[in-house]
Each structure stands twice: as C-alpha cells, then as structure tokens.
Amino acid sequence: MGFLDSISTVIQAKMNKIMDKIEDPRETLDVSYEKQIKLLQNVKQSVAEVTTSKKMIELQKAKLQTNVDKLDSQAKEALQANREDLARRAVENKAALQSQSAILDQQIADLNDQQQKLMAAESRLATKVEAFRTKKETIKAQYSAAEAQVKVTESVTGISEEMADVGMAVQRAEEKTDNMKARSAALDELLEAGTLTDLSGGSELEQEIAKAKSQSSVDDELARMKAEMKIGIMEMKK
Amino acid sequence: MIIRVLGIGQFRLDDQHLDSLNKVDNKIVEHVSKGNQKEFRKDLAKLISIIKDKGAPLDPSELVPSDIIVPPEDMSFAEAKTIFSDPGLIKD
Chain R
0 MGFLDSISTV IQAKMNKIMD KIEDPRETLD VSYEKQIKLL QNVKQSVAEV
50 TTSKKMIELQ KAKLQTNVDK LDSQAKEALQ ANREDLARRA VENKAALQSQ
100 SAILDQQIAD LNDQQQKLMA AESRLATKVE AFRTKKETIK AQYSAAEAQV
150 KVTESVTGIS EEMADVGMAV QRAEEKTDNM KARSAALDEL LEAGTLTDLS
200 GGSELEQEIA KAKSQSSVDD ELARMKAEMK IGIMEMKK
Chain X
0 MIIRVLGIGQ FRLDDQHLDS LNKVDNKIVE HVSKGNQKEF RKDLAKLISI
50 IKDKGAPLDP SELVPSDIIV PPEDMSFAEA KTIFSDPGLI KD
C-alpha cells in the first residue's frame, strides 16, 4: 500500500527508537514501562499547555470585545452629538477589531479540538499502560517459559506503536500552540504599540467624541437657559 | 486485520475491506504526486471513514501491533509530501 506503507515506515522508525536495543527481555519491559510513564506525563503536560493557551486567547478575545463595545457606544455618542464623521470612524474601527476577533474565535476552536484529541489520547494511553503493567508482571513471573520472549516482543511492540502515535499527537499540539502563542504575542504587541489601540478608539477619536459630546451638551444647556430666560421675561411682562 | 488511525486509535477490520482501502490509498498517492491538495483531503477523509464505518474500535487495553497505520485526518498536505518523499527525514 503506497501512502500507508510510507506512514507505517515512519511509525516503525519511531517505534524502534522507543524500543531501543535491550538484550534482556525483562529489562525491555521495565525500560518500556518507564518510558510509558514519562510519555503519559508529557501528554498531561501538553493538555495543560493547550488549556492555558486557550484561556490566554479567550482573555485576549474578551479584551477585544470590550474595545468593540466601547467603539459601539462611542459611535452612538458621536451620532447624538451630530458628528457622523466621528461615528463613521468608530464604526470602521469596530469592523477592523471584529475581523481580529473572528480570527481569535477560529484559534479557540482549533485549540479546543487539540485539547479534546489529547485528552482522548491520554485516556487511551493510560488504559494501555495499565494493561501493560499487568502483563509485564505476568510475563516476568513466567519468564522461564520460552514463549515469554514472544509475549515481550508482542506487548512491547503494541504499546510502542501507541507511544509513537501519542508522541506525534503531542508534537502536533505543541507546534500548533507555539504557532498560536507567536500570533497572540504579535497581537498583544500591536495592542501595546498602539496600532490596535488606535483602532479601538485611540485617544484622538476618543477626545474628539468627548469634545463633540461636551459641545453638544453646552449647546443643550444654553438652549435650556435661553428657554428659561424667555419664560422669565414673559412672566415679568405680565 | 488491525488498523491504527493516528490520533484516533486502533480498529479491527475484516480483511474483505482491504481492496477498497487499497483503491483509496492508490488514489491518495496519485493526489500527493500530482499536488492535488483538495482531492487528497477528500480521499484521506474517505479512507478514515471507511475504517470507522466498517471497523470496530479495539479495546484500549489490548496491546497488539497494527497491520496498517493510517495518518491523522488533519495531516497537512506538506506533511504528506514529506512523508511520501522521504520517510527517514521525519523528525521525532
């Protein structure tokens, strides 16, 4: 089988590395078991790492959302102050942030997928390691029997394949989280450097809206005073 | 026969399905060599769905080596090309 043959060769190479060359079959069992426990710890660590990355991006998304909400209310305020130009800018910036937010959503979904896969891998490996441990003791007890060697080879090969599989899953997850961490750090940097701060309202837009708003409230206040005074004058005339 | 789908686990599949797996496998080889990414993805998904549909998941406590190993469904086209061109170059 063409493609599948190639994959099997890759896995075989990984398995050989896991199995090493150990003369004493009993030692093979113990060494393999140690490696299994270590790999199981690695998977757990990897699950934790993916979970942390997911939380980090969720936080970042919440931060973006706050800015989106802020721009939304700023746009309304600008409209109330009859400054459609400012409102337009706020809405434009809001759209830019929303597209960033959609990217983060995709990343969260990807990480979630990785998390589920790793957790399933962890549980499969844990079951296999436990089965291996039981088998290991049985084989060791009957080591004198000639068939022990066959059993050792079979169970070690069986679990090594699982280990190669899980090892690859961990590697893939790590690559993905590293990738996302880098992108997330870049986004953080943009937020810090002000590129996105400008998008999220920036001080300039904010000041202008505040100015327009206070201007319009001054106008309102003056109009109200004028109206009151008019009434006052009319009352005096009576 | 026992088949492992990387990232998913092992399945026990009747030997009679080997032919249909072989056919899809050959198509995948063709897609990779022709650089046909879309078809590659489609047939890889098809290969895995045949195994899932026709096979029964192996009890995780069974410690048996697989007869066939199938790549994960989300394997990238670049990964497939690397594996196919030189299996020895895959890093651990």
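Here the protein sequences come in this chain order: R and X.
Numbered according to numbering that gives the first Met the number 0, the first sequence spans residues 0 to 237.
Numbered according to numbering that gives the first Met the number 0, the second sequence spans residues 0 to 91.
Beta carbons: idealized from backbone N, C-alpha and C, even for Gly.
Starting from residue i, follow the alpha helix (DSSP H) in both directions and report where the run begins and ends.
i        : result
X/Ile7   : No alpha helix (DSSP H) holds X/Ile7; DSSP gives it neither H nor E.
X/Val69  : No alpha helix (DSSP H) contains X/Val69, which is instead part of the beta strand (DSSP E) from 67-69.
R/Glu250 : Any question about residue 250 of chain R goes unanswered here, given that chain R covers just 0 to 237.
X/Gln15  : Per DSSP, X/Gln15 belongs to no alpha helix (DSSP H) and is neither H nor E.
X/Leu46  : 36-53
Buried or exposed for residue i, going by 16 or more other Cβ atoms inside 10 Å?
i        : result
R/Thr176 : buried
R/Ile208 : buried
R/Glu226 : Sequence inspection shows Ala at residue 226 of chain R; the Glu mentioned does not correspond to that position. Under this definition R/Ala226 is an exposed residue.
X/Leu46  : buried
X/Asp18  : exposed
R/Asn81  : exposed
R/Thr194 : Here R/Thr194 scores only 49 on pLDDT, less than 50, and its place in the model should not be relied on; the value that follows carries that caveat. Exposed is the call here.
R/Asn178 : exposed
R/Ser31  : buried
R/Ala163 : buried
R/Ile36  : exposed
R/Met167 : buried
R/Asn92  : buried
R/Val9   : buried
R/Glu203 : exposed
X/Leu20  : buried
R/Ala54  : Going by the sequence as given, residue 54 of chain R is Lys instead of Ala. It is exposed - the Cβ of R/Lys54 has fewer than 16 other Cβ atoms within 10 Å.
R/Ala101 : exposed
R/Met224 : exposed
R/Ile230 : exposed
R/Val217 : exposed
X/Leu12  : buried
R/Ala89  : buried
Give me the residue from the options with the minimum Cα distance to residue i.
i        : options                                : result
R/Val169 : R/Lys134, R/Ser31, R/Leu110            : R/Leu110
X/Gln9   : R/Thr137, R/Ala119, R/Ala222, R/Leu186 : R/Ala119
R/Ala86  : R/Gln59, R/Ile107, R/Lys212            : R/Lys212
X/Leu43  : X/Ile1, X/Phe76, X/Met0                : X/Phe76
R/Glu160 : X/Val69, X/Ile82, X/Thr81              : X/Val69
X/Arg40  : X/Val23, X/Ile2, X/Pro56               : X/Val23
X/Gly79  : R/Gln115, R/Val165, R/Ile6, R/Asp187   : Looking at the sequence provided, one finds Ala at residue 79 of chain X rather than Gly. Checking every option, the nearest Cα to that of X/Ala79 belongs to R/Ile6.
R/Thr152 : R/Lys134, R/Glu83, R/Gln114            : R/Lys134
R/Gln105 : R/Ser183, R/Asp219, R/Arg223           : R/Ser183
X/Asn25  : R/Leu39, R/Glu26, R/Asp4               : R/Asp4
R/Ala61  : R/Asp187, R/Lys116, R/Glu205           : R/Asp187
X/Ile7   : R/Asp219, R/Lys150, R/Leu117           : R/Leu117
R/Leu28  : R/Val149, R/Glu220, R/Glu76, R/Ser52   : R/Val149
R/Ser314 : R/Leu78, R/Gln141, R/Gln115            : The structure shown does not extend to residue 314 of chain R, since chain R is modelled only from 0 through 237, so no value can be given for it.
X/Gln15  : X/Gly34, X/Val28, X/Thr81, X/Gly54     : X/Gly54
R/Val323 : R/Ile138, R/Phe2, R/Leu39              : Past the boundaries of the shown model lies residue 323 of chain R; chain R is included only from 0 to 237, so the question cannot be answered.
R/Ala147 : R/Gly1, R/Arg25, R/Phe2                : R/Arg25
X/Pro59  : R/Glu129, R/Lys34, R/Ala181, R/Lys180  : R/Glu129
X/Lys51  : X/Glu72, X/Val28, X/Thr81, X/Ile82     : X/Glu72
R/Val42  : R/Glu220, R/Lys180, R/Arg171, R/Glu205 : R/Arg171
R/Lys180 : R/Phe131, R/Gln79, R/Phe2, R/Ser52     : R/Ser52
X/Ala30  : R/Phe2, R/Gln79, R/Lys210              : In the sequence as presented, Ala is not what sits at residue 30 of chain X; that position holds His. With distances taken between Cα atoms, X/His30 lies closest to R/Phe2.
R/Gln214 : R/Ile107, R/Ala77, R/Lys34, R/Leu70    : R/Ala77
R/Asp112 : R/Ala222, R/Gln79, R/Asp71, R/Thr50    : R/Thr50
R/Ala47  : R/Glu173, R/Ala222, R/Asp71, R/Ser72   : R/Glu173
Give a single yes or no on whether residue i has its beta carbon closer than 7 Å to a heavy atom of the ligand SAM.
i       : result
R/Lys16 : Because no ligand of any kind appears in the structure shown, any question about the ligand SAM cannot be addressed here.
query: Are there three or more Cβ pairs, one per stretch, closer than 8 Å when the stretch 1-20 of chain R is compared with the stretch 124-137 of chain R?
result: Counting Cβ pairs under 8 Å, fewer than three are found: no touch.
field: Proximal residues, the stretch 158-183 of chain R versus chain X, C-beta separation under 7 Å
entry: Residues Ile158, Glu160, Asp164, Met167, Ala168.
message: Assess contact between the stretch 150-169 of chain R and the stretch 63-82 of chain X, defined as three or more Cβ pairs (one per stretch) separated by less than 8 Å. Is contact present?
response: Judged by Cβ distances under 8 Å, the stretch 150-169 of chain R makes contact with the stretch 63-82 of chain X, as three or more pairs qualify.
- prompt: Are at least three pairs of beta-carbons, each pair with one atom in the stretch 93-100 of chain R and one in the stretch 54-69 of chain R, less than 8 Å apart?
  reply: Touching, yes.
message: Tell me which residues of the stretch 101-127 of chain R have at least one Cβ-Cβ distance to chain X shorter than 9 Å, keeping chain order.
response: Of all residues in the stretch 101-127 of chain R, the ones placed with a Cβ closer than 9 Å to any Cβ belonging to chain X are Asp112, Lys116, Ala119, Ala120, Ser122, Arg123, Leu124, Ala125, Thr126, Lys127, in chain order.
Chain-ordered residues of the stretch 54-70 of chain X with a beta carbon less than 8 Å from chain R: If the cut-off is 8 Å between Cβ atoms, the stretch 54-70 of chain X has Pro59, Ser60, Glu61, Leu62, Val63, Pro64, Ser65, Ile67, Ile68, Val69, Pro70 near chain R.
- prompt: For the stretch 18-37 of chain X, which residues have a CB atom closer than 8 Å to at least one CB atom of chain R, in sequence order?
  reply: Flagged, chain order: Leu20, Asn21, Asp24, Asn25, Ile27, Val28, Val31.
- prompt: Listed from N- to C-terminal order along the chain, which residues in the stretch 0-17 of chain X have their beta-carbon within a distance smaller than 7 Å of any beta-carbon of chain R?
  reply: Those would be Arg3, Leu5, Gly6, Gly8, in chain order.
The stretch 70-82 of chain X: positions lying closer than 7 Å to chain R by Cβ: Taking 7 Å as the upper bound on Cβ-Cβ separation, chain R lies near residues Pro70, Ile82 of the stretch 70-82 of chain X.
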